[in-house]
Amino acid sequence: MNDEEVRERILVAADNLYYSKGYAAVGMDELRTTAGVSLRRLYAMFKSKDDIVTAVLRRKHEEWEAGIAGQVSAAGEDPEQQLLAIYDFLDAWFCTGTFRGCAFINAFGELGGTHPEVATLVREHKESFQRYVGGLAQQLGAPESLGAQLAILAEGAQSTAAISGDPAVAAVARSAAEVLINSALR
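0 is the number of the first residue of the sequence shown in numbering that gives the first Met the number 0; add one for each residue after it.
Rendered as structure tokens:
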């Protein structure tokens, strides 16, 4: 197995373990076993658990952006439908059966106070999403502030769905987004 394959195995295992059990609960031995690599190889690829956590978060950021962009693109050319597609993405995610909340909120809750790099990555991720939604709002002809409102609504939906276990939260958020959009366009 080459280094790229080993790195991928470690990151997939870490992502799954951290998301299902939490960042602090997963030790290097469990990660090594799940990834099917030796502890020596694990540490040759990543100097510390912090390095793995940040690599997982960077990967999650890329996956999030690709997923959102794909859903928005599939919504067609109508900017309003593109904005609402964000909540369709959330709905599909909440219904996967493995949804455990936002990995970034989870990481910040567990590690943000003691790991400045994690806090920075989480903030950058959230700011990136808000900018993206703001750009979609501007394409609609709405004020950029609508983007901030819709991004916060999506964030709240993620937290509420994780806590309640109810995927219907996405439909409620989508309905609220329609109200915000219509109000902004008046």
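Where a beta carbon is used, it is the ideal one built from N, C-alpha and C, also for glycine.
Fair warning: this is a prediction, and the values are worked out from it, not measured in the lab.
Item	Value
Pair within 8 Å by beta-carbon distance, L82 and A136	yes
Span separating the alpha-carbon of L250 from that of R58	The first residue shown for the chain is 0 and the last is 185, placing residue 250 beyond what the model contains.
Rounded straight-line distance, which links the Cα of A106 to that of S37	26 Å
Coarse secondary structure for Y42, derived from DSSP in three states	helix
Residue ranges of each alpha helix (DSSP H) within the stretch 1–67, 4 or longer	2–20, 27–34 and 38–44
Backbone CA spacing between T113 and A23 [nearest angstrom]	12 Å
Collapsed DSSP secondary structure at T119 in the structure displayed	helix
Beta-carbon separation (whole angstroms), A141 vs L89, contact threshold 8 Å	With 8 Å as the limit, A141 and L89 do not qualify as a contact, their Cβ atoms being about 20 Å apart.
Straight-line gap, A118 to D14 (C-alpha atoms, nearest Å)	17 Å
Assigned secondary structure, P166 (DSSP; H/G/I helix, E/B strand, else coil)	coil
Local Cβ density within 10 Å of I9, reported as buried at 16 or more and exposed below that	buried
Three-pair Cβ contact test at 8 Å for the stretch 90–97 versus the stretch 159–168	yes
CB-CB length for L152 against A175, believed under 8 Å	6 Å
Alpha carbon of N1 to alpha carbon of R40, nearest angstrom	11 Å
Neighbourhood of H75 by C-beta distance below 8 Å, restricted to the same chain and skipping five residues each side	What sits at residue 75 in the sequence shown is Gly, not His. Result list for G75: Q81, in chain order.
Chain-order list of residues whose beta-carbon lies under 8 Å from that of S19 (same chain, five-residue window excluded)	T97 and R99
Distance, M44 Cα to G4 Cα	One detail in the question is off: residue 4 reads as Glu in this sequence, not Gly. C-alpha separation (whole angstroms): 11 Å.
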